Amino acid sequence: MICDPANPMGSEKVNVWQEDFLVRFGSVDNSDRLTLDAVFNFFQEAAISHAENLGVGREAMANSGNVWVLSRLSVIVERRPKYLETVNVRSWPCGGEKLFAMRNYEIRDKDNIAVASGRSAWLIVDMEKHRPIRPQTVIETLPSNEGLEAMPKEANGAAALAVRDNLQKVMERKALYTDVDYNSHVNNVKYAEWIEDALAPQLLETAGKMRIDINYVSEILAGETVEILSAPIDDALYTNAFALEGRKIDTGQAAFRAELRLM
Numbered sequence: 007m008i009c010d011p012a013n014p015m016g017s018e019k020v021n022v023w024q025e026d027f028l029v030r031f032g033s034v035d036n037s038d039r040l041t042l043d044a045v046f047n048f049f050q051e052a053a054i055s056h057a058e059n060l061g062v063g064r065e066a067m068a069n070s071g072n073v074w075v076l077s078r079l080s081v082i083v084e085r086r087p088k089y090l091e092t093v094n095v096r097s098w099p100c101g102g103e104k105l106f107a108m109r110n111y112e113i114r115d116k117d118n119i120a121v122a123s124g125r126s127a128w129l130i131v132d133m134e135k136h137r138p139i140r141p142q143t144v145i146e147t148l149p150s151n152e153g154l155e156a157m158p159k160e161a162n163g164a165a166a167l168a169v170r171d172n173l174q175k176v177m178e179r180k181a182l183y184t185d186v187d188y189n190s191h192v193n194n195v196k197y198a199e200w201i202e203d204a205l206a207p208q209l210l211e212t213a214g215k216m217r218i219d220i221n222y223v224s225e226i227l228a229g230e231t232v233e234i235l236s237a238p239i240d241d242a243l244y245t246n247a248f249a250l251e252g253r254k255i256d257t258g259q260a261a262f263r264a265e266l267r268l269m
C-alpha cells in the first residue's frame, strides 16, 4: 500500500507506512548516488507522516504537552540508489525498550530489494519539565509489528555509543537558520550533513556501502557553535571507519556521538 503524505490522516491507519521517493538532483553527490543525509531525510519524512497517520503527530503530541525527540539512530546502506531511481521508503513502530519508543525504516528499490535499513530510539519529552516520560501509554496505541525487524538483532542498532578520549578536532560548525527546524533546534538530518563534511569528500563519493550510528546527546540551538572531533577506528567489515563527536564550544558539553563506516 502506498500512503498519501499530503494527507496522512485522511486514510485508514496503517501498521507500516510506505511512500515512494524519487532520487532527485539535490539528493545525490558527485558519484550520482544517494547521500547519507538524504537517507536520513527520507526516513524522517516517512516517520513524521506515519506518526500523523497513527494520531501521534506534532499537534496531537503538543496537545498532550509532549514532544517526540530522536535519541539514537542506526542506518545501514547496502547500495546507494542512483539519480532518478524511484525507491519505496517504509517506516513502522516496533515496541519499546525502557524509556525508548522504537521505530524501524527500510528503503527498497524497484525490484523490491532492500538497499537500506534503519532502527531508531525516540524519547517522549514533557515540554514543560523538559524531561522524558515513560512511553508505554503512547506505545500501547501503536501497532506492535512484533517480529518485523528491518535490521538483524546482531547489528545492535540504536545502541549507546562509547565515549572516546582520543578524538582530534577537525572542524567547527555554527548552527544557523537553515540548520534549525520546527522544534527550534538543529534538525537530525543536519547532524548527518555535518558528519559528512568532517570527512574527506572522496571517501564518501567512492563508498558503495555505509553504516552510521549516532546518539543525539543534547540539543543544539540556533547560534551555538559545535566543534567536531574525529579519530579512525578499526572495523574488520569496512574499509574506513571513524568515531566522531560534536561538543559545544561554550560549555564543552557533548551534543552528539557517532560512528561512521564506509566500504
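Residue numbering for the sequence shown follows my numbering, beginning at 7 and increasing consecutively.
Note that the Cβ used here is the ideal one computed from N, Cα and C, for glycine as well.
No experiment lies behind these values; they were computed from the predicted model shown.
Could you tell me if residue i is buried or exposed, where buried requires 16 or more neighbouring beta carbons within 10 angstroms of its beta carbon?
| i | result |
| --- | --- |
| residue 219 | buried |
| residue 111 | buried |
| residue 102 | buried |
| residue 10 | exposed |
| residue 190 | exposed |
| residue 211 | exposed |
| residue 90 | exposed |
| residue 125 | buried |
| residue 119 | exposed |
| residue 198 | buried |
| residue 236 | buried |
| residue 238 | exposed |
| residue 252 | buried |
| residue 39 | buried |
| residue 207 | exposed |
| residue 18 | exposed |
| residue 156 | buried |
Thinking C-beta only, is residue j closer than 9 Å to residue i?
| i | j | result |
| --- | --- | --- |
| residue 79 | residue 49 | yes |
| residue 176 | residue 185 | no |
| residue 106 | residue 141 | yes |
| residue 115 | residue 95 | no |
| residue 129 | residue 97 | no |
| residue 269 | residue 215 | yes |
| residue 137 | residue 131 | yes |
| residue 170 | residue 217 | no |
| residue 202 | residue 43 | yes |
| residue 213 | residue 86 | yes |
| residue 100 | residue 59 | no |
| residue 248 | residue 205 | yes |
| residue 33 | residue 47 | yes |
| residue 172 | residue 209 | no |
| residue 62 | residue 147 | yes |
Candidates the options: which alpha carbon is nearest residue i's?
| i | options | result |
| --- | --- | --- |
| residue 233 | 154, 250, 77 | 250 |
| residue 164 | 127, 67, 20, 199 | 127 |
| residue 22 | 120, 55, 146, 83 | 55 |
| residue 178 | 230, 263, 152 | 230 |
| residue 196 | 206, 222, 172 | 222 |
| residue 162 | 15, 254, 123 | 123 |
| residue 226 | 183, 213, 203, 67 | 183 |
| residue 181 | 17, 255, 74 | 255 |
| residue 149 | 69, 108, 82, 17 | 108 |
| residue 135 | 72, 244, 174, 242 | 72 |
| residue 16 | 30, 45, 57, 26 | 57 |
| residue 139 | 200, 166, 13, 104 | 104 |
| residue 13 | 52, 200, 41, 153 | 52 |
| residue 26 | 241, 113, 155 | 113 |
How far does the alpha helix (DSSP H) with residue i in it reach, from first residue to last?
| i | result |
| --- | --- |
| residue 240 | Here residue 240 belongs to no alpha helix (DSSP H), and DSSP marks it neither H nor E. |
| residue 207 | 207 to 212 |
| residue 203 | 194 to 203 |
| residue 176 | Taken as a continuous stretch (DSSP letters only), residue 176 belongs to no alpha helix (DSSP H), being part of the beta strand (DSSP E) at 174 to 180. |
| residue 145 | 142 to 145 |
Could you spell out where the beta strand (DSSP E) holding residue i opens and where it closes?
| i | result |
| --- | --- |
| residue 26 | 23 to 28 |
| residue 218 | 216 to 222 |
| residue 163 | Careful: residue 163 lies outside any beta strand (DSSP E) and carries neither H nor E. |
| residue 254 | 246 to 254 |
| residue 268 | 260 to 268 |
| residue 137 | 137 to 139 |
Ranges of the alpha helix (DSSP H) found wholly within the segment 49 to 135, counting only runs of at least 4: 64 to 69
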